[in-house]
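Asks: In this note's numbering, the protein residues as written are 3 to 208.
Glycine residues also receive a C-beta, built at the ideal position from the N, C-alpha and C atoms.
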Ligand code: GLN
């Protein structure tokens with residue numbers, strides 16, 4: 003009897019752990035998805051790579067859109083059939099974290115590109131906004147309440163106009179590079195390329 007009770011309580015605590023973090027689906031059609039997976043490993047959180055539509059199963063309760071090349075990612079989202087389940091996930095208000103190209107995929111408006119992908123983040127984003135010379139650089143700034151976060155930029159965008167639904171979380175030299183809109187987090191920089199897990203922890207807490 004006692005053994006049975008202990009067994010049940012262990013099962014429940016395993017469920018509670020899964021419920022706390024869920025399984026993070028990491029878009030893995032192109033780009034820096036492995037670095038996000040390594041970050042989640044550091045935090046002991048479960049993840050699953052999303053390469054095909056059938057990878058998006060009921061276990062997925064949050065999604066990461068990694069850096070890479072947004073035009074290529076957009077095409078592969080369509081051809082794999084992953085666009086629809088991820089769009090539905092975002093439309094349902096579930097957590098999503100876009101870094102760099104991922105921010106571009108989330109934006110409602112792109113300043114220098116005719117495409118719009120998930121069209122969820124109330125902002126206008128300019129691709130390759132820093133030009134060739136300054137395309138890749140490092141800096142430090144806050145992301146909301148997270149102070150002094152190391153910022154790594156690789157041919158990143160910045161936000162040229164922030165709509166009413168989004169909140170500015172990070173600014174560098176007067177440029178907006180981090181946004182939050184409910185359960186959407188978006189950074190023009192790459193937290194997954196640093197040792198600092200705080201933004202990923204915030205994402206897992208959503
Ligand atoms: N320059 C890329 C784009 O416009 C984004 C760069 C990145 O994700 N590191 O899609």
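(1) Quick one: what does DSSP say residue 181 is sitting in, helix, strand or coil?
(2) If we ignore side chains and look at the alpha-carbon of each, how far apart do residue 14 and residue 68 end up?
(3) Helix, strand or coil: which one does DSSP assign to residue 47?
(4) Residue 38 and residue 66 - do their beta-carbons sit closer together than 8 Å?
(5) Under the rule that 16 or more other beta-carbon atoms within 10 Å means buried, what is residue 172, buried or exposed?
(6) In or out: residue 76 buried (at least 16 other Cβ within 10 Å) or exposed?
(7) Run through DSSP, which three-state label would residue 110 get?
(8) With the cut-off set at 8 Å, would you say residue 140 and residue 159 are in Cβ contact?
(9) When the distance is taken between beta carbons, is residue 98 closer than 8 Å to residue 185?
(10) Would you say residue 71 touches the ligand GLN, meaning its beta carbon is less than 7 Å from a heavy atom?
(11) Locate the beta strand (DSSP E) running through residue 199, then write down its first and last residues.
(12) Applying the criterion that 16 or more other CB atoms from any shown protein chain within 10 Å of the CB defines a buried residue, is residue 74 buried or exposed?
(13) The alpha helix (DSSP H) with residue 84 in it runs from where to where?
(14) On the criterion of 16 or more Cβ atoms from any shown chain inside 10 Å, does residue 70 qualify as buried, or is it exposed?
(15) Give a single yes or no on whether residue 97 has its beta carbon closer than 7 Å to a heavy atom of the ligand GLN.
(16) Can we say the segment 28 to 47 touches the segment 198 to 205, given the rule of at least three CB pairs closer than 8 Å?
(17) Taking only the alpha-carbon atoms, compute the straight-line gap between residue 183 and residue 105 and give it to the nearest angstrom.
(18) With 16 as the cutoff for other CB atoms within 10 Å, does residue 80 come out buried or exposed?
(19) Tell me the start and end of each unbroken beta strand (DSSP E) in the segment 129 to 171 that is at least 3 residues and wholly inside, in chain order.
(20) Going by the C-beta, is residue 158 closer than 7 Å to any heavy atom of the ligand GLN?
(21) Tell me, which residues are paired with residue 62 by DSSP?
Replies: So, from the data block:
(1) In the structure shown, residue 181 sits in a strand (DSSP, three-state: E or B).
(2) Annotation note: pLDDT 42 at residue 14 (below 50); position unreliable, no value reported.
(3) The three-state secondary structure of residue 47, taken from DSSP, is coil.
(4) Yes, these two residues count as a Cβ contact at 8 Å.
(5) Buried: at least 16 other Cβ atoms inside 10 Å.
(6) That one is buried.
(7) In the structure shown, residue 110 adopts extended strand secondary structure according to DSSP, grouped into three states.
(8) No, these two residues do not count as a Cβ contact at 8 Å.
(9) The Cβ atoms of residue 185 and residue 98 sit closer than 8 Å to each other.
(10) Distances taken from the Cβ of residue 71 to the heavy atoms of the ligand GLN include one shorter than 7 Å.
(11) Counting along the chain, residue 199 falls outside any beta strand (DSSP E), and DSSP gives it neither H nor E.
(12) An exposed status is given to residue 74, since fewer than 16 other beta-carbon atoms sit within 10 Å of its beta-carbon.
(13) Taken as a continuous stretch (DSSP letters only), residue 84 belongs to no alpha helix (DSSP H), as it is neither H nor E.
(14) Its Cβ being crowded by 16 or more others within 10 Å, residue 70 is buried.
(15) A distance criterion of 7 Å places the beta-carbon of residue 97 beyond contact range of the ligand GLN, judged by its closest non-hydrogen atom.
(16) Note that the segment 28 to 47 touches the segment 198 to 205; at least 3 beta-carbon pairs, one per stretch, sit closer than 8 Å.
(17) Approximately 12 Å, taken between the alpha carbons.
(18) Classification of residue 80: exposed, given that the 10 Å Cβ count is below 16.
(19) Along the segment 129 to 171, the beta strand (DSSP E) occurs as fully enclosed runs of 3 or more residues at 138 to 145, 148 to 156, 160 to 164, listed in sequence order.
(20) Indeed, a heavy atom of the ligand GLN lies less than 7 Å from the Cβ.
(21) Paired residue(s): 25.
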